[in-house]
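Sequential numbering of the sequence shown, starting at 12, is according to the working numbering.
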Amino acid sequence: MLEHHVRDYISDKLSALGINSDPYGVELTIVFVSVVIGIAIIGHLITHHIIVRTIRNVLHRTNEPLSDAFAKYKVLEKLTLLVPVMVLDLLIPLALGHYTLLSAIADKVLSISILVSFIRLVFALLDALNDVATFKGITRRMPVKSFVQLIKLFTFFVGLVVSMSILANESPVIFLSGLGVATGFVMLVFKDTILGFVAGIQLSANRMISLNDWIEMDSFKANGSVEEISLTTVKVRNFDNTVSMIPAYALVQNAFVNWQGMSDSGGRRIKRAVNIDVNSIRFMTDEEIESLKDIRILREYLFEKSKEIKAYNDELDEIPHLGNTRQMTNLGIFRAYLAAYLRTNKDIHSYMMFMVRQLDPTPEGLPLQVYAFTNNTDWVFYEGVQADLFDHIYSIMPLFGLRPYQALSGHDVLALSSANLHN
12 MLEHHVRDYI SDKLSALGIN SDPYGVELTI VFVSVVIGIA IIGHLITHHI
62 IVRTIRNVLH RTNEPLSDAF AKYKVLEKLT LLVPVMVLDL LIPLALGHYT
112 LLSAIADKVL SISILVSFIR LVFALLDALN DVATFKGITR RMPVKSFVQL
162 IKLFTFFVGL VVSMSILANE SPVIFLSGLG VATGFVMLVF KDTILGFVAG
212 IQLSANRMIS LNDWIEMDSF KANGSVEEIS LTTVKVRNFD NTVSMIPAYA
262 LVQNAFVNWQ GMSDSGGRRI KRAVNIDVNS IRFMTDEEIE SLKDIRILRE
312 YLFEKSKEIK AYNDELDEIP HLGNTRQMTN LGIFRAYLAA YLRTNKDIHS
362 YMMFMVRQLD PTPEGLPLQV YAFTNNTDWV FYEGVQADLF DHIYSIMPLF
412 GLRPYQALSG HDVLALSSAN LHN
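Here is the structure:
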């Protein structure tokens with residue numbers, strides 16, 4: 012009724028000025044629509060240049076990460092777009108009140124436009140909050156992106172139902188009541204999404220995986236750092252710079268290795284053996300033992316061990332034969348030397364277990380294994396320490412009269428042939 016009074020009032024004023032106009036004519040309708048559009052534009056400009064700038068400045072001073080995220084996804088800009096659309100939706104039907112069909116079409120189009128603008132605003136806001144959560148490290152503790160994607164999916168679904176109800180001019184409840192019939196279809200279409208969401212909750216609740224974790228999953232040829240955890244997939248950047256996409260539910264259903272515990276512990280394990288030629292293992296003479304006492308880290312061991320063996324041998328009533336007495340072997344002294352070397356190595360973690368042990372003999376010799384942890388988990392550092400350690404082991408072995416086992420190679424055959432020729 013207000014629209015009719017306004018039209019009659021404006022028409023009377025124009026008639027008083029000598030301008031004849033039909034209160035419900037096209038000319039006056041165009042004027043009304045133009046005025047409404049002008050009001051919408053003014054509302055947009057006021058919102059954008061005053062309110063949005065004020066909010067942006069406040070956010071920049073109080074919460075810079077949130078301000079940057081809002082700017083990246085243009086959250087406030089999308090918010091300002093709602094104002095002109097809502098003004099048009101409120102006033103355009105009044106301006107077209109007597110054009111029933113045109114007014115109904117405009118009302119539906121503008122209502123759907125508001126819905127679409129609102130959904131875009133929600134999506135942008137969720138993306139911004141996800142960025143803030145990533146910046147603050149929250150995504151390492153829980154799969155925020157999975158929840159963001161789920162809310163987006165739910166918002167889109169609700170928006171679709173509401174838009175259908177607007178077009179059909181029916182209550183959304185009518186469309187929602189038909190979902191029971193379509194449940195099976197929905198479960199089939201969104202199977203990965205549902206499984207992924209449940210798996211995401213399990214992964215988060217059990218702290219099984221987080222961003223930047225190093226995981227290894229042979230069934231998917233994945234061996235690298237977790238770059239992204241989404242609603243349905245986990246993105247892994249492998250060390251050869253390839254990318255593996257793993258379904259989230261596969262991480263719950265299948266076995267995988269998470270190396271993050273190693274990184275958090277501060278120590279990375281060295282577990283490598285050198286094969287000793289058993290023909291080089293023998294007893295050490297007193298002269299050889301005396302010469303080895305020049306090695307600082309071995310001096311205390313040799314002194315204590317010599318004292319212990321001498322006390323044992325002195326108590327024997329048997330003939331001083333090698334079969335009756337105790338003697339030090341080159342392999343035993345070498346093991347003690349390596350243990351002392353590990354103990355004094357600044358790159359070996361002193362608070363974690365380290366030892367040098369014999370493994371079961373093999374046709375390739377007697378494996379002497381070094382078991383220790385470096386005090387830095389960086390891969391390059393770890394490999395450097397391990398290489399330096401075994402470089403030293405191979406180089407120092409001849410000092411103890413030991414030889415590493417090595418299968419005959421071309422050079423060895425040539426050396427044997429040359430020796431036979433000279434003989």
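All C-beta atoms, glycine included, are put in the ideal place defined by N, C-alpha and C.
- By the criterion of a C-beta distance shorter than 8 Å, HIS403 is surrounded in its chain by TYR352, once the five residues flanking it on both sides are discounted.
- Its Cα nearest to that of ILE220, the residue VAL247 stands out among THR204, VAL247 and LEU206.
- Setting aside the 5 residues that flank it on each side, LEU206 is surrounded in the same chain by TYR260, each with a C-beta closer than 7 Å to its C-beta; the list follows chain order.
- The DSSP assignment places 279-287 as complete runs of the beta strand (DSSP E) inside the stretch 259-307, in order along the chain (cut-off: 3 residues).
- The way I'd put it, the stretch 355-364 doesn't touch the stretch 319-326; fewer than three beta-carbon pairs between them come closer than 8 Å.
- Judged by beta-carbon spacing, ASN286 lies within the 9 Å limit of GLU375, meaning their Cβ atoms are closer than that value.
- Inclusion of TYR382 and MET364 in the CB contact set at 9 Å is warranted, their separation being smaller than that value.
- Here the C-alpha atom of SER157 lies approximately 20 Å from the C-alpha atom of TRP225.
- Closest in alpha carbon position to SER241, among GLY170, LEU132, ALA210 and TYR312, is ALA210.
- Annotated three-state conformation of SER174 is helix, per DSSP.
- ILE103 and VAL155 do not touch by the CB rule: their CB atoms are close to 40 Å apart, not below 8 Å.
- By the neighbour-count criterion, in which 16 or more other beta carbons inside 10 Å mark a residue as buried, ASN265 falls on the exposed side.
- Listed as beta-bridge partners of PRO415 by DSSP are ILE287.
- Classified as buried, ALA106 has 16 or more neighbouring CB atoms from the shown chains inside 10 Å of its CB.
- In this structure, TYR110 sits away from THR204, with a CB-CB distance that is not shorter than 9 Å.
- Look at ILE220 here: in three-state DSSP terms it is coil, with no helix or strand label.
- Between LEU400 and ALA284, the gap from beta carbon to beta carbon reaches 9 Å or more.
- Within the same chain, and ignoring the five residues on either side of ILE149 in sequence, the residues whose Cβ sits closer than 7 Å to its Cβ are VAL155.
- Sequence-distant Cβ neighbours of TYR416 in its own chain, meaning closer than 6 Å and more than five residues away, are ASN286, ASP288, GLU375 and GLY376.
- In this chain, PHE250 is not harboured by any beta strand (DSSP E), its DSSP state being neither H nor E.
- Out of ALA144, PHE208 and ILE130, the CA that lies nearest to the CA of VAL172 is found in ILE130.
- The alpha-carbon of PHE267 is positioned some 12 Å away from that of LEU214.
- Remark: C-beta atoms of ALA144 and VAL86 do not approach each other more closely than 9 Å.
- CA-to-CA, the gap between ASN252 and MET228 works out to about 16 Å.
- Contact annotation, MET97 with ILE125: C-beta distance approximately 6 Å; criterion of less than 8 Å satisfied.
- If you draw a straight line from the Cα of ASN180 to the Cα of ASP275, it is about 59 Å long.
- With respect to the 9 Å criterion, ILE281 and LEU313 are not classified as neighbours on the basis of their beta carbons.
- Beta-bridge pairing by DSSP links LEU137 to no other residue.
- The shortest CA-to-CA distance from VAL245 to any of SER236, THR385 and MET256 is the one to MET256.
- Looking at the backbone, the Cα of SER361 and that of ALA350 are separated by about 12 Å.
- With respect to the C-alpha of ASP138, the residue from VAL127, ILE292 and LEU161 having the closest C-alpha is LEU161.
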